[in-house]
Amino acid sequence: MLTELSDYVSTRAGVLDRVRRMLRDTMKLRIEPESIDPDVPLFGTGLGMDSVDAVELVVQLDAVFGLTLSGSPWVSAKLRTVNTIVDAIMEVGDEP
Amino acid sequence: MSLEEEYRSARHGAALSRMDHVGLARVRGDDATEAVDAICSGDLWVRDGRMIQSLILDERGHPVADVYVCPDDDDCILMFEGLTTDELSACLRKYADPELNFELEDLRPAYELISVNGPYAWEALSKWLTPDIIGLPYLSFYHFDRGTCFRAGKTGEYGYDLAIRSDQAERSWEELLGFVGVLGGGEVSLETLDLCALENGFFSVRNVSGEGLTPLELQLQWRVSARKRFPGVTAIEARRAKGMERRLTHFVARGGVETGELIRDVDGTVGEVAAAAFSPSIGGVAGMALLDVAVAYPGIDSFFIAQQNAERPIRTVSSPLLFNRSLLVDPHRHTYATRDQTSDPPLWPGSLP
């Protein structure tokens, strides 16, 4: 595997793992983090989150990853799946 | 309508479709819910009047049916793809406890299924059925004089599946066609609905299935119970213990990609195209690939499909691919007639490799 690809995959997998753990804790899910699929829908189907969970998720993303979504017109696009959250974190860097 | 016009109906207006590929049945009896629970892979924690998506797996853990389970009083309505009603009946006989009291009633052909999808589908339904339709939550249903309205859909837009008594079906179809026509829409084929489902990452048991594909590879673990026994559970447990080798991952390409083609990087094969179709919104191909789990991540630009005289690059992306209009349309504030008064972001915010 190319070094550049290897580095990217390693970084992405690390952020994915942290987001999964954050979701498990925020949602109080009784499953292993790796059982949360990267493309699982967050709302409606999938993890079945609701508007109250969304508020808590936005707060947690800001606190843990420094990702500020409150008031963003793109918030509904960035909070669709675990992967779209990871995309958003990697766009801004994951330092709080 | 051309496929492009159909697509525009589904993504920008309202689209009317016949759902002849979907089965419809009612399980009756004191133990109806228990019987359905015995064949579904997911936990059926859903209250009366709501719906939940589940799967039916074979003994190898492969999905054979994609099911909406809809508890209705003491009964269960099932909307399903992938199995015939006879096959569903055989499945219930094989896996449900013979002591349970239930019976399966095929609701076909007494009812026909019609769907309305699109960012303004609610507007067509509010005029045809009742203005209260805009308050019907996602994954719920209610009965009306001609049948039942299910708030569902697999396009990423507002979606309603209507089970209509057959003696009212043609009349209803013509009336609905008139309403969706006013909303810039018309009759839309299954091919276009499948494209929309692909763009939004919905599982299709008709289009993405095959040897070795369990809910783990298909990113459908949320439809698999961790607490109960169901058909295929032993295979799922074995797969979990062994670890999965591939995972479904979405990609885009400029064009000319076919299902089954191999995906490579400089070191060799990393996966295979599971489904692909041209997307007007993307201006290229939207696809799903089964990639080696070590590289099954969005945001990778270094993969390609080796064709006869060229290497066709692909880019892995997150699902859903589109920023659906329905995320921006509020039935309490917007209408199709005033749709041009807002400046919406593009449906596809990305770029092609």
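Going down the list, the sequences are from chains A and B.
In case it helps, the working numbering puts the first sequence at residues 6 to 101.
In case it helps, the working numbering puts the second sequence at residues 64 to 416.
C-beta: ideal position from N, C-alpha, C; glycine also.
A quick note: this is a predicted structure, and the numbers were derived from the prediction, not measured.
> Any beta-carbon of chain A closer than 8 Å to the one on Leu202(B)?
Replying inline: True, the Cβ-Cβ gap to chain A drops below 8 Å.
> Tell me, which residues are paired with Gly86(B) by DSSP?
Replying inline: Per DSSP, Phe143(B).
> Considering only C-alpha positions, which residue in the set Val333(B), Ala349(B) and Gly334(B) is nearest to Ala340(B)?
Replying inline: Out of Val333(B), Ala349(B) and Gly334(B), Ala349(B) has the C-alpha closest to the C-alpha of Ala340(B).
>> With three or more C-beta pairs closer than 8 Å as the rule, is the stretch 56-67 of chain A touching the stretch 271-288 of chain B?
In response: Contact between the stretch 271-288 of chain B and the stretch 56-67 of chain A is absent: fewer than 3 CB-CB pairs across the two stretches fall below 8 Å.
> Gly49(A) versus chain B: which residues are under 7 Å apart at the beta carbon?
Replying inline: Within 7 Å Cβ-Cβ: Tyr201 and Leu202.
> At a cut of 8 Å, does the stretch 248-267 of chain B reach the stretch 215-222 of chain B through at least three beta carbon pairs?
Replying inline: Yes: the two stretches touch, three or more of their Cβ pairs being nearer than 8 Å.
> If the cut is a Cβ gap below 8 Å, which residues of chain B does Val14(A) touch?
Replying inline: Within chain B, the C-beta atoms nearer than 8 Å to that of Val14(A) come from Ala357, Val358, Tyr360 and Ile363, in chain order.
>> Let me see if you follow: with CB-CB separation under 8 Å, is Gln231(B) close to chain A or not?
In response: For Gln231(B), the answer is no, since every Cβ of chain A falls outside 8 Å of its Cβ.
>> Is the beta carbon of Leu415(B) closer than 8 Å to that of Leu385(B)?
In response: In this structure, Leu415(B) does not lie closer than 8 Å to Leu385(B) by Cβ.
> Which full runs of the alpha helix (DSSP H) of 4+ residues lie inside the stretch 127-185 of chain B, going along the chain?
Replying inline: Within the stretch 127-185 of chain B, the complete alpha helix (DSSP H) runs of at least 4 residues are 148-158.
>> Using only CA atoms, which one of Trp185(B), Gly346(B), Leu192(B) and Val271(B) lies nearest to Leu246(B)?
In response: With distances taken between Cα atoms, Leu246(B) lies closest to Trp185(B).
> By the criterion of Cβ-Cβ separation under 7 Å, what are the contact partners of Arg17(A) in chain B?
Replying inline: Annotation: Cβ neighbours of Arg17(A) in chain B (cutoff 7 Å, chain order): Tyr360 and Gly362.
>> Quick check on Pro101(A): buried or exposed, where buried means 16 or more other Cβ atoms within 10 Å of its Cβ?
In response: Below a pLDDT of 50, predicted positions are generally treated as unreliable, and Pro101(A), at 46, falls in that range; the measurement from the model is reported next regardless. In the assembly as shown, Pro101(A) is an exposed residue. Its beta-carbon has fewer than 16 other beta-carbons within 10 Å.
> Is the Cβ of Ser80(B) closer than 8 Å to any Cβ of chain A?
Replying inline: Answer no: the Cβ-Cβ gap between Ser80(B) and chain A never drops below 8 Å.
> Looking at Phe207(B) and Cys133(B), is the spacing between their C-beta atoms short of 8 Å?
Replying inline: Judged by their CB atoms, Cys133(B) and Phe207(B) are not nearer to each other than the 8 Å cut-off.
> Just how far apart, CA to CA, sit Asp224(B) and Asp30(A)?
Replying inline: Distance between the alpha carbons of Asp224(B) and Asp30(A): 35 Å.
> Using a beta-carbon distance below 8 Å, is Val57(A) in contact with chain B?
Replying inline: Judged by the 8 Å Cβ criterion, Val57(A) is not in contact with chain B.
>> Below 8 Å on the Cβ atoms is my contact criterion, and I expect Glu69(B) with Ala78(B) to pass it. Report the Cβ-Cβ distance as a whole number of Å.
In response: Their Cβ separation, rounded to whole angstroms, is 7 Å, which keeps Glu69(B) and Ala78(B) in contact under 8 Å.
> For Gly346(B), is the classification buried or exposed, using 16 other Cβ atoms within 10 angstroms of its Cβ as the cut-off for buried?
Replying inline: Answer is exposed; the Cβ neighbour count stays below 16.
> Of the residues Ile119(B), Ser203(B), Ala98(B) and Glu144(B), which one's Cα is nearest the Cα of Gly86(B)?
Replying inline: Measuring from the Cα of Gly86(B), the nearest candidate turns out to be Glu144(B).
> How about Thr89(A): is its C-beta nearer than 8 Å to some C-beta of chain B?
Replying inline: At least one CB atom of chain B sits nearer than 8 Å to the CB of Thr89(A).
>> According to DSSP, is Pro101(A) part of a helix, a strand, or is it coil?
In response: For Pro101(A), the predicted structure reports a pLDDT of 46, less than 50, and the residue's modelled location is therefore unreliable. The matter cannot be settled from this model.
>> For a quick check, are the C-beta atoms of Ala298(B) and Gly124(B) less than 8 Å apart?
In response: It is a contact, given that the beta carbons lie within the stated cut-off.
> Quick one: is Gly264(B) near chain A, going by C-beta distance under 8 Å?
Replying inline: Chain A has a Cβ within less than 8 Å of the Cβ of Gly264(B).
> Near Glu274(B), what residues of its chain come up, given a Cβ to Cβ distance below 6 Å and the 5 sequence neighbours on each side ignored?
Replying inline: Closer than 6 Å at the Cβ level, and outside the excluded window around Glu274(B), lies no residue.
> Just curious, the alpha helix (DSSP H) that Pro29(A) is in, first and last residue?
Replying inline: In the sequence on display, residue 29(A) carries Arg and not Pro. Arg29(A) -> alpha helix (DSSP H) spans Thr8 to Met32.
> Which residue or residues does DSSP assign as beta-bridge partners of Thr211(B)?
Replying inline: His206(B) and Ala226(B).
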